[in-house]
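Following the working numbering, the numbering of the sequence shown begins with 2 at its first residue and continues without gaps.
All C-beta atoms, glycine included, are put in the ideal place defined by N, C-alpha and C.
Encoded as structure tokens, the structure appears first; notes follow it.
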Amino acid sequence: MTDNELIQGLKKHNESAIEEIIQSYTPYVSTIIYNLSRGMLSTADIEETAADVFFVLWKHPEKIADDSLKGFIAGVAKNKAKEKMRQIKPKDNVIDIEDVVMADEYSLSDNIDNQVLQKDLSDALDGFGQPDREIIIRYYYYYQTAPKIAEVTGLKLEAVKSKIKRAREKLKAFLRERGY
């Protein structure tokens, strides 16, 4: 079946349509989840998150545009992966960027541009003191929300939001200086 036929089948709650989507798109969804999680999710977590993606498709087929099944699936997969990442509890209250970089081995070995970017980001984060460094890592690498970061670090929510905003501006300037 074509993607349009699969979408129409979903909208009619045709079980064969969702079965074909699951069979065809599971590798795609799993890859998105794995890549976004930088290897920090277990195989079981990836499978569970992929199942959540297909459940959303089954429950809300009306949200899919007639020509964007793959794009819709990718968007849901990214959102579900981020939700799952928010549930992960980092081992310590203080997170080190090196732990994140080491978990990101798929991109480090596959793409020299990502190696350079990772190094530049690591250098930029080295210039941040605590708790700014921890806040940025929790926010951008572990996808934790500002309220969760405030809870874990003991800072006020507005302070966390302010630190994220200032750090983002600082990172932006740092990366622009390096040609990004």
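In the three-state reduction of the DSSP assignment, ALA66 falls in the coil class. Apart from sequence neighbours up to five positions away, the residues of its chain that approach ILE150 with a beta-carbon distance below 6 angstroms are ILE136, ARG139, VAL161, ordered along the chain.
Contact between the stretch 123-133 and the stretch 158-176 is established, with three or more Cβ pairs separated by less than 8 angstroms. By the criterion of a C-beta distance shorter than 6 angstroms, PRO62 is surrounded in its chain by LEU11, LYS12, once the five residues flanking it on both sides are discounted. Fewer than three pairs of CB atoms, one per stretch, sit closer than 8 angstroms, so the stretch 36-48 makes no contact with the stretch 12-22.
Under the DSSP assignment, ASN36 falls in the alpha helix (DSSP H) whose first and last residues are 16-38. Of the residues ALA82, LEU158, GLY180, the one whose Cα lies closest to the Cα of THR44 is ALA82. Note on ALA168: 16 or more other CB atoms within 10 angstroms of its CB, so buried under the neighbour-count rule. Distances from the CA of LEU58 to each of ASN5, GLU48, MET86, PHE73 were compared; the closest alpha carbon is that of PHE73. Put simply, the backbone Cα of SER25 is about 41 angstroms away from that of GLU170. Our two residues, ASP68 and GLU49, have alpha carbons roughly 27 angstroms apart in a direct line. For the options GLY155, VAL153, LYS164, PRO148, the alpha carbon positioned closest to that of PHE129 is the one of LYS164.
Between the C-alpha atoms of ALA147 and LEU42 there is a straight-line separation of about 21 angstroms.
For LEU7, the uninterrupted alpha helix (DSSP H) segment begins and ends at 4-12. Counting along the chain, the unbroken alpha helix (DSSP H) around THR50 starts and ends at 44-60.
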